[in-house]
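Engineer:
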Amino acid sequence: MIALLDRLKSDVEEICLLFPGAILYIVGDFNKLDIASFLYDMGLEQMVTNNTRKNSRLDLFFTNRPDLMACCVVTSCIKSDHKAVVINSNRATSLSSHTGPASDIKKRRVIEYYDIRAQHLEDLRRALSVYNWNHLLNSHDVEQVYLDFLRVVHWHLDTYIPKRRVTLKCNTPSYITPLVKSLLRKRNRMMRQGRLIEAETLSTKIGTLIAEHRSKILSNCKDIKVSELWKLIKPAKSATATLTQSEPDSINSHFANIATDPNYCATKILDQLTKLQPTSLEKVLQEYEIEKLLSTTKRTSPGIDNIPYWVFRNCSYELASIVTHITNLSLSQGKPPSSWKRAVVTPIPKVTPIAGLTDLRPISVTPILSRIVEKIVVHRFLLPAIPQHVLSDQFAFRPTGSTTCALVYLIHQVTKLLEHNTYVRCLLIDFSKAFDSINHLILLQKLKDLNIPPNIFNWIANFLSGRTQSVKLDGKQSTWLPITQSIVQGSGLGPVLFIIFIAALCTLCDDNQLCKYADDLSLLNPETASIGLNAEFDNIKLWATLNKLSINLSKTKEIIFRRPGIQRPLGHCLPLPGIEQLDSVKLLGVILQSTLTFSNHINYILNIINQRYYLLNQLRQQGLHSSKLDVIFQAIVISRIMYALPAFAGFLTSHDLGRINAALKKARRWQICEKTHTAEELIARADKKLFQKAQFSDHCIHQLLPPHRDDKYQLRKRGHPFMLPFIKSKLFKSSFINRCIFSYI
2 MIALLDRLKS
12 DVEEICLLFP
22 GAILYIVGDF
32 NKLDIASFLY
42 DMGLEQMVTN
52 NTRKNSRLDL
62 FFTNRPDLMA
72 CCVVTSCIKS
82 DHKAVVINSN
92 RATSLSSHTG
102 PASDIKKRRV
112 IEYYDIRAQH
122 LEDLRRALSV
132 YNWNHLLNSH
142 DVEQVYLDFL
152 RVVHWHLDTY
162 IPKRRVTLKC
172 NTPSYITPLV
182 KSLLRKRNRM
192 MRQGRLIEAE
202 TLSTKIGTLI
212 AEHRSKILSN
222 CKDIKVSELW
232 KLIKPAKSAT
242 ATLTQSEPDS
252 INSHFANIAT
262 DPNYCATKIL
272 DQLTKLQPTS
282 LEKVLQEYEI
292 EKLLSTTKRT
302 SPGIDNIPYW
312 VFRNCSYELA
322 SIVTHITNLS
332 LSQGKPPSSW
342 KRAVVTPIPK
352 VTPIAGLTDL
362 RPISVTPILS
372 RIVEKIVVHR
382 FLLPAIPQHV
392 LSDQFAFRPT
402 GSTTCALVYL
412 IHQVTKLLEH
422 NTYVRCLLID
432 FSKAFDSINH
442 LILLQKLKDL
452 NIPPNIFNWI
462 ANFLSGRTQS
472 VKLDGKQSTW
482 LPITQSIVQG
492 SGLGPVLFII
502 FIAALCTLCD
512 DNQLCKYADD
522 LSLLNPETAS
532 IGLNAEFDNI
542 KLWATLNKLS
552 INLSKTKEII
562 FRRPGIQRPL
572 GHCLPLPGIE
582 QLDSVKLLGV
592 ILQSTLTFSN
602 HINYILNIIN
612 QRYYLLNQLR
622 QQGLHSSKLD
632 VIFQAIVISR
642 IMYALPAFAG
652 FLTSHDLGRI
662 NAALKKARRW
672 QICEKTHTAE
682 ELIARADKKL
692 FQKAQFSDHC
702 IHQLLPPHRD
712 DKYQLRKRGH
722 PFMLPFIKSK
732 LFKSSFINRC
742 IFSYI
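Numbered by the working numbering, the letters in the sequence shown go through residues 2 to 746 in order.
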């Protein structure tokens, strides 16, 4: 049996090397074969999900292109105790399931875009530089100043930046951008006119633009599914067209109902506003600060104001004075312009395929200037006002915070507790619609406890109240609906407001620990704790009730971490009512096992990266330059391996490392990367980088480091200034902090 699997592996690899674009099918009755490692190492997907013989799944179908296949199990037409496996093409299925007329599939849409070539941008900069803003700089009505500012900027855009129109089909590939489409039309005109040399030159330029677009898109696809990656290199239906068949109005109503408090009272919110002090009208920001922020504006959607990001980035110096005036007016008066309180919502799928509206997440797009000012409020006023000890267990939406740091902290605390306990219970708590259910009145009461200026408090209160939103989907936009709660997902202010809201949640005793990453809450309860898990969970439920949040019991899970040699089950650790106990859970993208081994996570990683090899092999066959191919390899393979690597690297066995190294060697053999990487090299790189950052006192995991040693009698230079901790078990020594402390002596 082992020989057969080895032969299958070698045959699959040889086929992929000889025919990079091949679609593989492996079909058969795998009654006696252990195919788990074969799938992980080859990156194939097993498509049969139902039993094919009594209570067993024996007849299987493997492929490297699961995005093209749809599988179902039916009763066989011949006399057999096996059922029949039917495989169809997903492409045909998706077309046949389309309920609209055939013409809808080929529906065209007209796209209007700005021609932002260098000469046009230069004309815009020159015009804005000589424009006299005095009539706005002398005004103190922030609402009117902002409306006039929008009118002036839009007039300059319409005057100096030409607009072009192109027609795109719904199934046009994403790499055919409006610019590429317009150049294709120009090339076709040249060819019809017999200007073949010019047309050929333009074709080369078009090819370069397409390759750069693909490279850029793929380099950002660190966690995207392999089926989605395939869609990026072949024609596909519009992403919004596959979201849902619902109309924007029904989606907006669904989102607005969640973000509406039935007991909302505007008067109570207004009562919270603090009277402005006379000194609050002083300038908050200088022009050079605003110019720097404008010049670094990232590529992003413009929001309802419809001023593109490139206007601020290319005209930062010309717009700095008026934007500074608007910002200072808004913050000093504690009142944002009304358009900053209107958000265009983009529905983002949380899972695929989408079963209903509950599988969509609302991401609000506010105007770019609003987001810039929100970030100023966060970094200049909110974060400095939050006591550091309050954020000691929170690892999201704060400087230096990350999922890696959250996992490092959690595993460090678990292994530390296992030094003196045979087990540690870990409850992974899930809040239902936490971001969209934040009560504004409760939030403002928590903000009052912070030392922030009264005008900034008023600005936040005004920003949250009187908000409206509209859903935009597939070119259609819904009506505007009011919302009276939530922290506005997608805004610059929302994330920090959420961690302020949840900061007061803590355990009943110091024996138990909390680890927070936004609304992902992990509660650790060791064997010898003075207060048990039941009481701690009751306390969290009470806090949730008082703060008008709800806990989703069906998604709340428990895992019991235990010392090596302790066998499951632990009879006295009875499950909490309605909570499932598991031996393996996925937290922040990493699969944790009760024995603190990570073989399941390595299987998960290898399955992902081996599937991505087929994609990279296809791109190589299409002629993508090796340097760009290596960039994509780093983005979608190396980054996947290195994700949260410091948190679990110390627990990997030699077998785990060998499997990762074998996968990396295969990448070099397939010529989809420029050099051979090793697991040990990646671990060393990740450990060193994070450990250096952790030594700064303001880093979120600095608290885990041991005290500084007394160097009075130390003659030998060491790699760090910390004392070596006393550790009893190999388990605790394998945690990130201790591993680095002993490695860099």
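Quick reminder that beta carbons are idealized off the backbone N, C-alpha and C, glycines included.
1. Quick check on T76: buried or exposed, where buried means 16 or more other Cβ atoms within 10 Å of its Cβ?
2. Tell me the residue span of the beta strand (DSSP E) that contains Q582.
3. Near P647, which residues of its chain fall below 7 Å by C-beta distance, leaving aside the five closest residues on each side in sequence?
4. With which residues is N805 paired in a DSSP beta bridge?
5. Whose C-beta lies closer than 8 Å to the C-beta of L444 among residues of the same chain, with five residues either side of it excluded?
6. Kindly indicate the opening and closing residues of the alpha helix (DSSP H) around Y410.
7. For F737, which of helix, strand or coil comes out of DSSP?
8. Counting only C-beta atoms, is I606 closer than 8 Å to chain B at any point?
9. Considering only residues of the same chain and omitting the five flanking positions on each side of D250, which have a CB-CB separation below 7 Å?
10. Should V13 go down as buried or exposed, given a rule of 16 or more other Cβ atoms within 10 Å for buried?
11. Given 8 Å as the limit, is there contact between the stretch 584-595 and the stretch 618-629, that is, 3 or more CB pairs closer than that?
12. Reducing DSSP to helix, strand and coil, say where R426 ends up.
13. Would you list the one or two residues that DSSP bridges to D30?
14. Using only alpha-carbon positions, find the residue among E15, C72, I27 and D35 that is nearest to I3.
15. Determine the closest residue to G624 out of P578, I673 and T367, with distance taken between C-alpha atoms.
16. For the candidate residues T325, G495, P388 and T205, whose alpha-carbon lies nearest to that of L137?
17. Roughly how many angstroms lie between the CA atoms of P385 and I377, to the nearest whole one?
18. Considering only C-alpha positions, which residue in the set A200, T416 and S296 is nearest to S735?
19. Is DSSP giving C510 helix, strand or coil here?
20. Could you check the C-alpha separation between R621 and M643 for me, to the nearest Å?
21. Taking the alpha carbon of D149 as the point to measure from, which residue in A344, K269 and N133 has its own alpha carbon closest?
22. Could you spell out where the beta strand (DSSP E) holding T1 opens and where it closes?
23. Taking one C-beta from the stretch 441-455 and one from the stretch 309-324 each time, how about it: are there three or more such pairs within less than 8 Å?
24. According to the neighbour-count rule (16 or more other Cβ atoms, all chains shown, within 10 Å of its Cβ), is R8 buried or exposed?
25. Tell me whether T748 is buried or exposed, calling it buried when 16 or more other Cβ atoms sit within 10 Å of its Cβ.
26. Excluding the five sequence neighbours on either side, which residues of its own chain have a C-beta within less than 6 Å of the C-beta of I560, listed in chain order?
27. The alpha helix (DSSP H) spanning C73 covers which residue range?
28. State the Cα-Cα distance for the pair H157 and L125, rounded to the nearest angstrom.
29. Looking at the secondary structure, which residues open and close the alpha helix (DSSP H) in which P309 lies?
30. What would DSSP say about I349, mapped onto helix, strand or coil?
31. Where does Q298 sit, in a helix, a strand or coil, going by DSSP?
32. With DSSP run on the structure shown, which of helix, strand or coil describes A685?
33. Would you mind working out which of L6, R710 and I661 sits nearest E682, comparing C-alpha positions?
34. Leaving out five residues before and five after P708 in sequence, what residues of the same chain have Cβ atoms less than 6 Å from its Cβ?
35. Three-state secondary structure (DSSP) at L5?
36. Evaluate the contact criterion for the stretch 44-55 versus the stretch 64-75: three or more CB pairs, one atom per stretch, below 8 Å.
Structural biologist: In short:
1. Working through the sequence shown from its first residue, we reach residue 76 at position 75. Within 10 angstroms of the beta-carbon of T76 lie fewer than 16 other beta-carbons, which makes it exposed.
2. As a first step, residue 582 is located in the sequence shown; it is residue number 581 there, counting from the start. Unbroken beta strand (DSSP E) run through Q582: E581 to L583.
3. Here the question's residue 647 lines up with position 646 in the sequence shown. Contacts found: T405, V409, A687, D688, L691 and F737.
4. Past the edges of the chain, shown from 2 to 746, lies residue 805, and the structure says nothing about it.
5. Working through the sequence shown from its first residue, we reach residue 444 at position 443. Apart from sequence neighbours up to five positions away, the residues of its chain that approach L444 with a beta-carbon distance below 8 Å are L465, I488, L498, I501 and F502, ordered along the chain.
6. On the sequence shown, position 409 is the one that residue 410 refers to. Residues T404 to L418.
7. For the purposes of this step, residue 737 is taken as residue 736 along the sequence shown, with counting starting at 1. It is helical.
8. Protein chain content of the structure displayed is limited to a single chain, and chain B is not contained in it.
9. Position 249 of the sequence shown, counting from 1, holds the residue named residue 250. The answer, listed in chain order, is S479 and T480.
10. The count along the sequence shown starts at 1 and reaches residue 13 at position 12. By the 10 Å Cβ count, V13 comes out buried.
11. Verdict: no, contact absent.
12. Working through the sequence shown from its first residue, we reach residue 426 at position 425. Judged by DSSP in its simplified three-state form, R426 adopts strand.
13. Here residue 30 corresponds to residue number 29 of the sequence shown, with the count starting at 1. The partner list for D30 (beta bridge, DSSP) reads D60.
14. Residue mapping note: residue 3 aligns to position 2 of the sequence shown, counting from 1. The shortest Cα separation from I3 among E15, C72, I27 and D35 belongs to D35.
15. As a working note, residue 624 is residue 623 in the sequence shown. Looking at the Cα atoms, I673 is the closest of the given residues.
16. Taking the first residue of the sequence shown as 1, we reach residue 137 at position 136. Considering only alpha carbons, the answer is T325.
17. Translated into positions along the sequence shown, residue 385 becomes position 384. Translated into positions along the sequence shown, residue 377 becomes position 376. C-alpha of P385 to C-alpha of I377: approximately 12 Å in a straight line.
18. On the sequence shown, position 734 is the one that residue 735 refers to. When the alpha-carbon of S735 is set against those of A200, T416 and S296, the nearest one is in T416.
19. The sequence position of residue 510 within the sequence shown is 509, counting from 1. The DSSP-derived three-state label of C510 is coil.
20. The residue given as residue 621 occupies position 620 in the sequence shown. The residue given as residue 643 occupies position 642 in the sequence shown. Cα-Cα distance, rounded: 23 Å.
21. Within the sequence shown, the letter at position 148 stands for residue 149. Residue nearest to D149 within the set A344, K269 and N133 is N133 (criterion: CA-CA distance).
22. Outside the displayed span of the chain (2 to 746) sits residue 1, for which this structure offers no information.
23. Inter-segment contact for the stretch 441-455 and the stretch 309-324 is absent: fewer than three beta-carbon pairs are separated by less than 8 Å.
24. On the sequence shown, position 7 is the one that residue 8 refers to. Exposed, since its Cβ has fewer than 16 Cβ neighbours within 10 Å.
25. In the structure as shown, the chain starts at 2 and stops at 746, and residue 748 therefore has no counterpart that could be examined.
26. Position 559 of the sequence shown, counted from the start, is the residue given in the question as residue 560. Contacts found: C427, L583, V586 and S595.
27. Locating residue 73 in the sequence shown gives position 72, where the first residue counts as 1. Counting along the chain, C73 falls outside any alpha helix (DSSP H), though it belongs to the beta strand (DSSP E) covering M70 to V75.
28. By 1-based counting over the sequence shown, the position of residue 157 is 156. By 1-based counting over the sequence shown, the position of residue 125 is 124. One alpha carbon belongs to H157, the other to L125, and they sit about 7 Å apart.
29. Taking the first residue of the sequence shown as position 1, residue 309 is located at position 308. Where P309 is concerned, there is no enclosing alpha helix (DSSP H), given that its DSSP letter is neither H nor E.
30. If you number the sequence shown from 1, residue 349 lands on position 348. Reduced to three states, the DSSP call for I349 is strand.
31. The sequence position of residue 298 within the sequence shown is 297, counting from 1. The question names Gln, but residue 298 in the sequence shown is Thr. The answer is coil: DSSP assigns T298 none of H, G, I, E or B.
32. Within the sequence shown, numbered from 1, the residue matching residue 685 stands at position 684. Helix.
33. Taking the sequence shown and counting its residues from 1, one reaches residue 682 at position 681. Of L6, R710 and I661, the smallest CA-CA separation from E682 is found for I661.
34. As a first step, residue 708 is located in the sequence shown; it is residue number 707 there, counting from the start. Apart from the 5 residues on each side of it in sequence, P708 sits with its Cβ closer than 6 Å to the Cβ of M724 in its chain, given in chain order.
35. On the sequence shown, position 4 is the one that residue 5 refers to. Helix, per DSSP.
36. With the cut-off at 8 Å, the stretch 44-55 and the stretch 64-75 touch.
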